[in-house]
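Here the structure is laid out as structure tokens; the discussion comes afterwards.
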Amino acid sequence: MNYLAHAYLSFDQEEVLVGNFIGDFVKGKMIHTFPQGITDGIHLHRAIDKFTDNHPLVKAGQTYLRPKYGRYATVITDIYFDYFLGKNWESYSDLPLDVFVANTFSSIQKYEQLLPERFLGMFEWMRKDNWLIRYSTIAGIKASLTGLSRRTKFESKMDEAHHTLLEREDEFQVIFFAFFEDLETFAREKLIQIQESHGGHQA
Numbered sequence: 000m001n002y003l004a005h006a007y008l009s010f011d012q013e014e015v016l017v018g019n020f021i022g023d024f025v026k027g028k029m030i031h032t033f034p035q036g037i038t039d040g041i042h043l044h045r046a047i048d049k050f051t052d053n054h055p056l057v058k059a060g061q062t063y064l065r066p067k068y069g070r071y072a073t074v075i076t077d078i079y080f081d082y083f084l085g086k087n088w089e090s091y092s093d094l095p096l097d098v099f100v101a102n103t104f105s106s107i108q109k110y111e112q113l114l115p116e117r118f119l120g121m122f123e124w125m126r127k128d129n130w131l132i133r134y135s136t137i138a139g140i141k142a143s144l145t146g147l148s149r150r151t152k153f154e155s156k157m158d159e160a161h162h163t164l165l166e167r168e169d170e171f172q173v174i175f176f177a178f179f180e181d182l183e184t185f186a187r188e189k190l191i192q193i194q195e196s197h198g199g200h201q202a
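Position 89, counted from 1, in the sequence shown is what numbering that gives the first Met the number 0 calls 88; the numbers after and before it change by one each time, with no gaps.
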């Protein structure tokens, strides 16, 4: 999943949110340098990604994408899902999206001194260009995918992937709603399991 989903699936626990955000940037023994709550979030991030990659509905959605986008289908579905989450935000949260995003950025900034430099470089652009709000529009998805396409080692055609979203938006939205219900249940239960393993259950 992409960043908006990881933020939402932190269930209003600040340190879990931070860990959930930086999960892709923490390698090896680095995980042992963080407070327990952030470590829990890193473990949750990895569990969410694994669950997503192996979910049959996600794989079904990617069959639409693989003929044209190949290995980049997984990246594209992650971004599509943030689009649907942002677009349908009122179905998931009583808090307006802009307020939720502002709170998310504020929480992460509190822990800047602890966070990997590679993450902080990316986070600066995320705040400047307001990625989490941008994901909820087709124009924002186009900009995000175009930016990613410029940074890929091989030709990805991701700069064209917003067209596929427009063409198959109804199918992908059905997939998203069904999959995200499963994912939210999994993430909530997984976080409890992680926290109970060291006696820190909060959810």
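Idealized CB from N, CA, C, for every residue including glycine.
Check, Outcome
"State the CB to CB distance for the pair HIS54 and ASP181, rounded to an integer number of angstroms; the pair is presumed to be in contact (CB under 8 Å).", "7 Å"
"Roughly how many whole angstroms lie between the Cα atoms of SER92 and ILE191?", "20 Å"
"Hey, out of SER135, TRP124, GLY139, whose CA is closest to LEU96's CA?", "SER135"
"Which same chain residues, not among the five before or five after ALA46, have their C-beta less than 7 Å away from its C-beta?", "LYS189"
"Where does PHE10 fall in DSSP's three states?", "coil"
"Check the C-beta distance from LEU3 over to ASP81 and give it rounded, since I have them as a contact under 8 Å.", "4 Å"
"One question on the structure: do LEU144 and ASP158 come within less than 8 Å of each other, judged by their Cβ atoms?", "yes"
"Taking ALA72 and LEU84 to be in contact with their CB atoms under 8 Å, please state how far apart those CB atoms are, rounded to whole angstroms.", "Incorrect: roughly 19 Å between the Cβ atoms, too far for contact."
"Could you have a look at SER143 and say whether DSSP puts it in helix, strand or coil?", "helix"
"Could you spell out where the alpha helix (DSSP H) holding LEU64 opens and where it closes?", "Looking at the DSSP string, LEU64 is not in any alpha helix (DSSP H), and its letter there is neither H nor E."
"Work out the CA separation of PHE179 and VAL173 for me, nearest whole Å.", "10 Å"
"In angstroms with no decimal places, state the Cα-to-Cα distance between SER155 and TRP130.", "21 Å"
"Considering ASP81, what are the terminal residues of the alpha helix (DSSP H) in which it resides?", "72-86"
"Contact defined as beta carbons within less than 8 Å: I believe HIS44 pairs with GLY22. What is the distance between those atoms, to the nearest angstrom?", "3 Å"
"Restricting to Cα atoms, I'd like to know which of LYS67, ILE37, PHE122 is closest to LEU164.", "LYS67"
"Just confirm the distance between the C-beta atoms of VAL57 and GLY36, as a whole number of angstroms; I'd bet it's less than 8 Å.", "No, VAL57 and GLY36 are not in contact; Cβ-Cβ is about 28 Å, not under 8 Å."
"For PRO95, which of helix, strand or coil comes out of DSSP?", "coil"
"Could you tell me whether the Cβ atoms of TYR110 and VAL17 are closer together than 8 Å?", "yes"
"On the criterion of 16 or more Cβ atoms from any shown chain inside 10 Å, does HIS161 qualify as buried, or is it exposed?", "buried"
"Using a Cβ-Cβ cutoff of less than 7 Å, which residues in the same chain neighbour ASN87 once the five nearest sequence positions on both sides are dropped?", "none"
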